[in-house]
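In order, the protein sequences belong to chains A and B. If you're matching positions, the first sequence starts at 1 in our numbering and goes up one per residue. If you're matching positions, the second sequence starts at 241 in our numbering and goes up one per residue. We treat Cβ as the ideally placed atom computed from N, Cα and C, and that holds for glycine. Written out below as structure tokens is the structure these notes cover.
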Amino acid sequence: MIYQINAAEFNKNAPILYAIVAIILAVVVAQAVFFLVRAYRRGVKIGMSKAVLNKTMLRAAVFTIAPAVAILVGIVALSQKLGIPLPWLRLSVIGSFSYETIAAEAVYPGIVEDATIYVTVALVMTCGMLVSMFLPLITGKKIQRGLMHIRQKDKKWGEIFMNALFLGMISAFLGYVFGDVGEGASGWIPVLVFLVSALVMALCGLLLKVTKWRWINDYALPFCIIVGMAAAVPITMLLG
Amino acid sequence: MKNNTTLRSFDDNTHLYGRIWGVVAAVLILSYPFICMAIFGVGVNWKVFASGISIIVMYCAVGAVETFTYTPMLGSGGTYLGFVTGNLSNLKVPCALNCMDQAGVEKGTEEAEVISTISIAVSSIVTMIILVLGVVLISFLTPVLENESLAPAFDNVLPALFGGMAVVYISRNWKISIIPCVLMLLVFIISSYVTGSGELSGTLIGVMVPVGVIVTLASSRYMYKKGWLGGQETPAEQQQENAQEENSDGEAQK
């Protein structure tokens, strides 16, 4: 009874919710800083040049900007239904825009205005990520040791193995880009964006070869992402 | 011998710290709905919750598959960090891959582990900063981010990202790319024409990433055994290389 009397009035944008999310995300950032410092020190210790490590930090930061803004768009899209704190938390930690949207819509279609529904939706969104949160903690060491064993046994196959892993992922996303073509003209928009980005990358490669400007190599991929995203606007106007 | 011990202990510590941070982060993330229950004095509506169980089960399965697919790509530190901060396929994995490639390190080595961890950590921090700025300035940014004419740009991040990456990695490894690329194109194009929409592709991609990885590994192994990817190393050559690696590691330690 006392519990109910003291309960706050429901507000999906309540300052206390912002504070809770900020505390959780501060811990996540602390983890990132901890691993960053540790990896940097390790790199220096095993003889890697500080210039390479610093450049890696810069490259990663530049690479992240465009996809991170797209994640922000996801928060804005979900904020009307769920307020800002919950989407901010869910899209800042393990989760994805597609899952959070599907989960929220499946549980409660429409704008959430009731505390019981809010906590239920939040619980469903969180539970879907249980395996992603805990399984790597259990299997991570075994998988990494297995890889080390493969490399020690046959170094050349170890290299091919690693390249095959990444190419398997890239091939799946290549197919995914073509996954809408059955819709008609609008289904070709992602394909054309993909091709624009690929063409820009090929041109960057050519320019690098001709001019020998090494900085092109550093920013080619972020540049491709931005040009590809920008190209999506006129392409959609034509085909959408 | 001392060097090997140091290497092992660093790796063991990475797993130890990764697990501790992972458990702390997971408990905090999981606590959010329960803290909200306490604040607002409400419980879960189990009838409504039941309607989400199928989604939870599906994404738990996807999570299991992603763990086995992405862990080998990210290295130890990158895995523990990446699986807390999320956005793996649309940000962290491509970012780590790009940074490893630009740094010129061989994947699977300790140098690659360092670069992967640094790139994922920086990417996580930058993402957090952008999201915090976005949340603080949301009333100013919403009209821009929800602008209909800009929507196609944000809807097409994945094609824009993988277009550039595909050129680089397929051209470098074209022999092992052919089979998975053709297979994936066929699967997605046929499914799209069969359903007459792209609705299925969003669900398919979760399953097709591990399928693509398995197909690529199997076909690469076959080609490697056949000698189509260059000759296999003899045990003597392998031993010699391992010895050379140990020596260079020892020098780096000094």
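Scanning its chain for C-beta atoms nearer than 7 Å, with the 5 sequence neighbours on each side dropped, one finds around Val112 (chain A) the residues Lys12, Lys81, Leu82, Tyr118, Val121, in chain order.
Within the region 438–478 of chain B, the runs of alpha helix (DSSP H) at least 4 residues long that lie entirely inside it are, in chain order, 439–466. Phe134 (chain A) carries a helical assignment under DSSP once its states are collapsed to helix, strand and coil. For Leu381 (chain B), the enclosing alpha helix (DSSP H) stretches over residues 378–385.
Residue-level contact by beta carbon holds for Asn338 (chain B) and chain A, with a gap shorter than 7 Å. Under the Cβ criterion (8 Å, minimum of three pairs), the region 426–435 of chain B does not count as touching the region 206–218 of chain A. DSSP places Ile235 (chain A) inside the alpha helix (DSSP H), whose first and last residues are 215–239. Sequence-distant Cβ neighbours of Val227 (chain A) in its own chain, meaning closer than 6 Å and more than five residues away, are Val200.
Within 10 angstroms of the beta-carbon of Met162 (chain A) lie 16 or more other beta-carbons, which makes it buried. With a cut-off of 8 Å on Cβ pairs, the region 173–190 of chain A is in contact with the region 433–449 of chain B, counting three or more such pairs. DSSP places Ala77 (chain A) in the uninterrupted alpha helix (DSSP H) bounded by 50–82.
Pro399 (chain B) is positioned such that its CB atom lies no closer than 7 Å to that of Val181 (chain A). Scanning chain B for C-beta atoms nearer than 8 Å to the C-beta of Ala198 (chain A) yields Gly403, Gly404, Ala406, Val407, reported in chain order. At a cut-off of 4 residues, the continuous stretches assigned as alpha helix (DSSP H) that sit fully inside the region 349–432 of chain B are 350–376, 378–385, 391–395, 397–412. Identification of chain A residues near Trp468 (chain B) by a Cβ-Cβ cut-off of 9 Å yields none; the smallest Cβ-Cβ distance measures about 11 Å. For the region 268–332 of chain B, the continuous alpha helix (DSSP H) assignments of 4+ residues that do not extend past its boundaries occur at 286–290, 293–325, in sequence order.
By the C-beta criterion, the region 446–461 of chain B is judged not to be in contact with the region 391–410 of chain B, since fewer than 3 inter-stretch pairs fall below 8 Å. For the pair Val284 (chain B) and Gly292 (chain B), the Cα-to-Cα distance works out to about 12 Å. Under the three-state reduction of DSSP, Asp180 (chain A) is assigned to coil, being neither helix nor strand. The residue among A:Val93, A:Ala77, A:Gly175, A:Ala115 with its C-alpha nearest the C-alpha of Met277 (chain B) is A:Ala115.
Taking 7 Å as the cut-off, the Cβ atoms of Pro85 (chain A) and Tyr18 (chain A) count as close.
When C-beta distances to chain B are compared with 8 Å, the residues of the region 49–73 of chain A below that value are Val52, Leu53, Lys55, Thr56, Met57, Arg59, Ala60, Ala61, Phe63, Thr64, Ile65, Ala66, Pro67, Ala68, Val69, Ala70, Ile71, Leu72, Val73, in chain order. When secondary structure is reduced to three states using DSSP, Gly344 (chain B) falls in the coil class, being assigned neither helix nor strand.
For Gly43 (chain A), the uninterrupted alpha helix (DSSP H) run begins and ends at 15–45, by DSSP. If you look at Met201 (chain A), you'll find it in the alpha helix (DSSP H) that goes 189–211.
Cβ contact annotation for Lys55 (chain A) (same chain, cutoff 8 Å, sequence separation greater than five): Asp218, in chain order. Secondary structure of Tyr108 (chain A) (DSSP, three-state): coil. In the pairwise beta carbon analysis, the region 347–362 of chain B is classified as touching the region 34–47 of chain A: at least three pairs are separated by under 8 Å.
For Gln31 (chain A), the closest Cβ of chain B is nearer than 7 Å.
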